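S.K.: Sharing a structure here in structure tokens format.
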Amino acid sequence: MTASPSPTVRIPIRRALATLLLVLTVFGPISMDLYLPALPALTAELGAATSLAQLTVTACLVGLAAGQLIAGPLSDRFGRRGPALIGVTAYVVVSALCAASPTVELLIAARLVQGLAGGVGIVIAQAAGRDVYEGAG
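Written out as structure tokens, the structure is:
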């Protein structure tokens, strides 16, 4: 017979898990909120047409939607941890690529992948929260 963790130990673990799930959920929206104010400066810096600069926003939104559609079934099939780690790693790497993009075309592609990776965090955080607080089905 194994002893279950005491209630005082479980509370910090639950708080840490809730915080982690919150951070995963923020990746997608923060991609937009921090980016939009810099859009005019980005247009000037890259010498791009306004419509091409706005396409970077669209690419990220499309990526967010597609990332959720792709990551949901993958996390059901392979578990939550692996896809979440891949998504977070991809998000960090692609965010650095976005910051260093020398052309607007590369930035559009990087923002699409950034959105895909951000969508992974959103859907896995929701699924993991449901697993923990309602029980895995």
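With the first letter of the sequence shown counted as 1, position 87 gets the number 87 in this note's numbering; the numbers rise by one all the way through. From the three backbone atoms N, C-alpha and C, an ideal C-beta is built for every residue, glycine too. Please read all numbers here as calculations on a predicted model, not as lab measurements.
#1: Between the segment 88–104 and the segment 12–20, do at least 3 Cβ pairs fall closer than 8 Å?
#2: How would you call residue 29, buried or exposed, if buried means at least 16 neighbouring beta carbons within 10 angstroms?
#3: Candidates 72, 16, 57: which alpha carbon is nearest residue 107's?
#4: In angstroms with no decimal places, state the Cα-to-Cα distance between residue 72 and residue 97.
#5: Need the endpoints of the alpha helix (DSSP H) that residue 77 sits in, please.
#6: Grab the span of the alpha helix (DSSP H) containing residue 115 for me, first residue to last.
#7: Counting only the same chain and skipping the five closest in sequence on each side, list residues whose C-beta sits under 8 Å from that of residue 83.
#8: Mapping DSSP to helix, strand and coil, what is residue 46?
#9: Applying the criterion that 16 or more other CB atoms from any shown protein chain within 10 Å of the CB defines a buried residue, is residue 113 buried or exposed?
#10: Alpha carbon to alpha carbon, how far is residue 80 from residue 128? Give it in angstroms, no decimals.
#11: So, under 8 Å CB-CB, residue 62 and residue 115 are touching, yes? Tell me the CB distance rounded to an integer number of Å.
M.R.: So, to answer that:
#1: Segments in contact, no.
#2: Counted from its first residue, the sequence shown places residue 29 at position 29. By the 10 Å Cβ count, residue 29 comes out exposed.
#3: As a position in the sequence shown, residue 107 is number 107, starting the count at 1. From the listed residues 72, 16, 57, the smallest Cα separation to residue 107 is found for 57.
#4: Here the question's residue 72 lines up with position 72 in the sequence shown. Here the question's residue 97 lines up with position 97 in the sequence shown. Those two C-alpha atoms are separated by around 25 Å.
#5: Stepping through the sequence shown from its first residue, residue 77 is reached at position 77. Residue 77: member of the alpha helix (DSSP H) spanning 50–78, first to last residue.
#6: Residue mapping note: residue 115 aligns to position 115 of the sequence shown, counting from 1. Here the alpha helix (DSSP H) through residue 115 covers 104–134.
#7: Position 83 of the sequence shown, counted from the start, is the residue given in the question as residue 83. Only 71, 74, 75, 120, 124 meet the Cβ criterion.
#8: By one-based count along the sequence shown, residue 46 stands at place 46. Looking at residue 46 - three-state DSSP - the assignment turns out to be helix.
#9: For the purposes of this step, residue 113 is identified with residue 113 of the sequence shown, where counting begins at 1. Classification of residue 113: buried, given that the 10 Å Cβ count is 16 or more.
#10: Taking the first residue of the sequence shown as 1, we reach residue 128 at position 128. Taking the first residue of the sequence shown as 1, we reach residue 80 at position 80. Residue 128 and residue 80: Cα-Cα distance of roughly 7 Å.
#11: What you label residue 62 is simply residue 62 of the sequence shown in a count that begins at 1. What you label residue 115 is simply residue 115 of the sequence shown in a count that begins at 1. Yes, they are in contact, since the Cβ atoms of residue 62 and residue 115 sit about 6 Å apart, within 8 Å.
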